[in-house]
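The letter at position 2 of the sequence shown is residue 2 when you use UniProt numbering, and the numbering goes up by one with no holes. Below is one structure, written out as structure tokens, with a few remarks after it.
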Amino acid sequence: MSGAGPVLQVALALSALMIAAAVALASWRMVRGPGIADRAVAMDLLGLLALTGSALAALAAGHLALLDVALGLGLIGFIGAVAMAGFIERASQPRSAEQEGDGHG
Numbered sequence: 001m002s003g004a005g006p007v008l009q010v011a012l013a014l015s016a017l018m019i020a021a022a023v024a025l026a027s028w029r030m031v032r033g034p035g036i037a038d039r040a041v042a043m044d045l046l047g048l049l050a051l052t053g054s055a056l057a058a059l060a061a062g063h064l065a066l067l068d069v070a071l072g073l074g075l076i077g078f079i080g081a082v083a084m085a086g087f088i089e090r091a092s093q094p095r096s097a098e099q100e101g102d103g104h105g
């Protein structure tokens, strides 16, 4: 925290504690479920918390390169959330006999 005033240092420390608590709660939801949608939301939240942690680290260290990491995490998290939503939608739809195939290919 180079050159940061005491108020900023306290704010950064409190923010880091809140992020750590949110990571613990989201990890608990990821493990406990109960359903696939709950786990998908927890996974998306963990990605968002990683993005937030990277931005907080960029602010604390004063390195703008960490903001590029945050941008990359945001893009990957968005693509993962869209993919997971498509997977959940396909899994919830009943399959017809034509879709299951009859052994001909």
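Idealized CB from N, CA, C, for every residue including glycine. Only a predicted model underlies this, so the values are computations on that prediction, with no experimental measurement involved.
How would you label Gly33, buried or exposed, when you count the other beta carbons within 10 angstroms and need 16 or more for buried? In the sequence shown, counting from the first residue as 1, residue 33 sits at position 33. Residue burial annotation: Gly33 is exposed, with fewer than 16 other C-beta atoms found within 10 angstroms of its C-beta.
Just confirm the distance between the C-beta atoms of Leu56 and Ile19, as a whole number of angstroms; I'd bet it's less than 8 angstroms. Numbered from 1 along the sequence shown, position 56 holds the residue referred to as residue 56. Numbered from 1 along the sequence shown, position 19 holds the residue referred to as residue 19. The C-beta distance from Leu56 to Ile19 rounds to 7 angstroms, short enough to fall under 8 angstroms.
Quick test of the definition: if touching needs 3 or more C-beta pairs under 8 angstroms, does the region 71-89 touch the region 43-57? Enough Cβ pairs lie closer than 8 angstroms, so yes.
Out of Ala58, Arg90, Phe87, which has the shortest C-alpha to C-alpha gap to Ala70? As a working note, residue 70 is residue 70 in the sequence shown. Closest in C-alpha terms to Ala70, from the list Ala58, Arg90, Phe87, comes Ala58.
Answer yes or no: do Ala42 and Ser54 have a C-beta to C-beta separation smaller than 9 angstroms? Locating residue 42 in the sequence shown gives position 42, counting from the first residue. Locating residue 54 in the sequence shown gives position 54, counting from the first residue. No Cβ-Cβ contact shorter than 9 angstroms links Ala42 with Ser54.
Residue environment, Leu73, which counts as buried when at least 16 other CB atoms sit within 10 Å: As a working mapping, residue 73 is identified with position 73 in the sequence shown. Result: buried.
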